[in-house]
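Below is one structure, written out as structure tokens; comments come after it.
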Amino acid sequence: MQDVALEACCLINLCAAGVILRPSASSPAKARRSTKASARATSHPGFGLNLHIPSRVTAETLYIMQPDEEDQTKLVKQPVDLQGYIAAGLLAPCDFQDEAEIELFVQMAAQLGDGEAACFAIAKQRGWVLATDDRCARRFAADAALAVITTPELVKLWAETTQASDEEIAAVLRNIQRFAYFTPRANSPEYAWWISCLSEDAK
Amino acid sequence: MLQLETIDPRILGQRLAEARKARGVTQEDAANHLGCSRPTYIAIEKGERAAKPEEIVKLATYFGRRVSELVRPGEPVVDLQPHLRAVAERVKPADQRELIAAIGELQRLAADYRQLEQTMNAPLRYNYPPEVNLETRIDVAELAEAVATQERRRLGLGEQPVEELRRLLEWDVGLRIFYWPLPSAIAGMYASAADIGCCILINRKHPAERRRFTMLHEYGHLIVDRYKPGIDYLSPSGRKPANERFAEAFGVSFLMPAASVRQRFHEIVAVSNDFQVADLCRLSHYYFVAVEAMALRLEQLQLIPKGSWALIKESKFAPRQAAALLDLPAHEETADYYPERYKFLAVHAFEHEKISEEQLAHFLRCDPVSARGIVRECLTGRFITDDGRVQAVQLEFQRSLMGSPS
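From first to last, the protein sequence lines are chains A and B.
Under my numbering, the residues of the first sequence are numbered 1 to 203, in order.
Under my numbering, the residues of the second sequence are numbered 1001 to 1406, in order.
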């Protein structure tokens, strides 16, 4: 299986998606996620990828938006339960292994945030794929010949692996838009696919 | 091919020194933490010995900083903290920690602001008023009144209340106004340096009316104490020195210009032949000041008898309840940690791919999803369609308006 260093920007999108990552039974977030596709996603944890998150990413509290329990039309911020995902084996924590990784991390931290720089350094040094939507990080990755996967590509991969229906894909995309405020940019290669999935579903 | 800038040991050393001091750590402690001698650590701070990557990571963790904060490109801003920290050491121990943390945050916000300006090549335009010397035997209150009137005229404000004071001082004067929680007894602080200009930190815990007053109080310090950083209390003990009395009176006069207040007061009395507590509440709402400040201003201008406010206070008057009873609408006032211009620069830098999403969230002092929300809000314009509907439109920041329209 391909190893992937997951940046916070992609991680929150996957958490917001609802079914792509499914936390452990002990996670309080579990109760918030229940859709038709959830059982199928669980049977394919990680959808064919080993997802790694560096300690610099887990050190930050990440949030996604979720419907308010008292008023479902309102969205409120809720912390992402990363430990639940880790305990369920869906995400694997990782840290620097050698001086070369630390050196590249420090150099990249002059250009990016700590979490982004850590993902970049680990992915580059270990020959992993970098999961990011950030345009700055992608530009540096291109310069460093580092393979990148984006949120739309991850969703596509999940859809292929799980043979998700059009409705299920559209539900995931809507969740990402609504709960993580993410939509690919209009000039990105996946934009047309993203929009078509949503418009197909609306018909 | 990935081209990376080398980290300048001198700049890194300065940042390490600033972070260490802000954390209250000695050079000896830092050296022990690294497992090196004190002279070796001092050489790192002086930039004479380049810190190894693992040493940078260790020190960042020890000083409670991100590595990216320490190694970012560009010269660090002048350390605003030494004098403020010296003042902070004199406050009561219970408040000291919060205050020292806020002083450190002021430094970081100032540094972030300057970095955003450099990234976007958009230096702040200063439009500071001339300095005023407080000579002995001068009537400070009278001088403050005159300077406030002059300052209003310079800024083209006339006699009207200033609803969006923070925005005015940031955009038109070039002040850097930040909000941050401070111990309740402290109103705000002021610091100034040649490379960053005037920075003001206002106690975010205080109500909007109080924050406005503190802003102007600190602005008063810019006029009379331009190069003297200081921390201001809500009610300083003992007789106030002349500079404090000036700053206080300047704030009062700027927010409630004497001529305007007199005119408004007489208009009310002319109609009702009276001036009641409800009128006082409405007037304070009009000038966007606390009821107490309005009452004291009316007393000072001899429009109501001295001691009126004391009587009102004795009767357990509740201004918020009074405002609700009188149906006075709440003023719109942002309590963002940073200036509006700072926010726009951060969003603009992100849209131009000059900073990453994590950096954006750091600049905006929030998590990535909240940062996305802020970007979306900044880039969404609203307009009214011909049939009266409000329509939201995503603005394209990078679209040029210089070419021919298509």
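Cβ atoms here follow ideal geometry from the backbone N, Cα and C, with glycine treated the same way.
In the structure shown, S1192(B) falls within a strand segment according to DSSP collapsed to helix, strand and coil. Within the stretch 83–155 of chain A, the runs of beta strand (DSSP E) at least 3 residues long that lie entirely inside it are, in chain order, 92–94, 129–131.
Of the candidates W194(A), L112(A), A164(A), L112(A) places its Cα closest to the Cα of V1071(B).
Flagged as an interface residue toward chain B: M108(A), by a C-beta distance shorter than 9 Å.
Residues of chain A with a Cβ closer than 9 Å to the Cβ of M1120(B) do not exist; the shortest Cβ-Cβ separation is about 15 Å. Contact between C94(A) and I149(A) does not hold, since their C-beta atoms are separated by about 17 Å, which reaches or exceeds 8 Å. If you draw a 10 Å sphere on the C-beta of S1284(B), you find 16 or more other C-beta atoms in it, and that means buried. Here the C-alpha atom of A1031(B) lies approximately 5 Å from the C-alpha atom of R1038(B).
At least one CB atom of chain B sits nearer than 9 Å to the CB of T61(A). For a Cβ distance threshold of 7 Å, residue set V1369 of chain B lies close to M65(A), ordered along the chain. By the criterion of at least three beta-carbon pairs nearer than 8 Å, the stretch 89–104 of chain A is in contact with the stretch 123–130 of chain A. With respect to chain A, the C-beta atom of K1240(B) has no partner C-beta closer than 9 Å. Sequence-distant Cβ neighbours of R1245(B) in its own chain, meaning closer than 6 Å and more than five residues away, are V1140. In its chain, beyond the 5 residues on either side, P1161, R1264 have a beta carbon closer than 8 Å to the beta carbon of Y1286(B). DSSP places V1162(B) in the coil class of the three-state scheme, outside both helix and strand. Under the DSSP definition of a beta bridge, Q78(A) partners with I64(A).
In summary, N13(A) is buried, with 16 or more beta-carbon neighbours lying within 10 Å of its beta-carbon over all protein chains present. Interface flag for K1354(B) against chain A is set, since a Cβ pair is found closer than 9 Å. Contact annotation: in the stretch 1065–1076 of chain B, residues whose CB is within less than 9 Å of a CB in chain A are R1066, V1067, S1068, E1069, L1070, V1071, R1072, P1073.
Shown here, A1088(B) sits in a helix according to DSSP, grouped into three states. Distance check between L1301(B) and each of E1142(B), L1134(B), G1024(B) places E1142(B) closest, using alpha-carbon atoms only. At a cut-off of 9 Å between beta-carbon atoms, K74(A) makes no contact with chain B. Bridge partners of H1348(B) according to DSSP: none are assigned. What D68(A) touches in chain B, judged by beta-carbon distance under 9 Å, is nothing: the nearest beta carbon there is about 15 Å away. Against chain B, the CB of F182(A) has a partner CB under 9 Å away; the residue lies at that interface. Counting along the chain, no beta strand (DSSP E) covers T1334(B), and no H or E run does either.
Residues of the same chain with a CB within less than 7 Å of the CB of L1234(B), apart from the 5 flanking positions on each side, are A1185, A1187 in chain order.
For P1123(B) against E1131(B), the beta-carbon gap comes to about 22 Å, at or over 8 Å, which does not count as contact. Per DSSP, the continuous alpha helix (DSSP H) segment holding L1109(B) begins and ends at 1093–1120.
Under the three-state reduction of DSSP, A5(A) is assigned to strand. Apart from the 5 residues on each side of it in sequence, I1007(B) sits with its Cβ closer than 7 Å to the Cβ of V1071 in its chain, given in chain order.
Cβ neighbours of R1010(B) within its own chain (closer than 7 Å, five residues either side excluded): G1047. If you ignore the 5 residues before and after E1209(B), its C-beta comes within less than 6 Å of the C-beta of V1289, A1290, all in its own chain and listed in chain order.
By a beta-carbon distance limit of 8 Å, L1084(B) contacts M1189(B). Their separation comes to about 6 Å. Within the same chain, Cβ atoms closer than 8 Å to the Cβ of D1095(B) are found at P1183, A1185, I1186, the five residues on either side in sequence being excluded.
Apart from sequence neighbours up to five positions away, the residues of its chain that approach A1022(B) with a beta-carbon distance below 8 Å are F1063, Q1081, I1100, I1103, G1104, Q1107, ordered along the chain.
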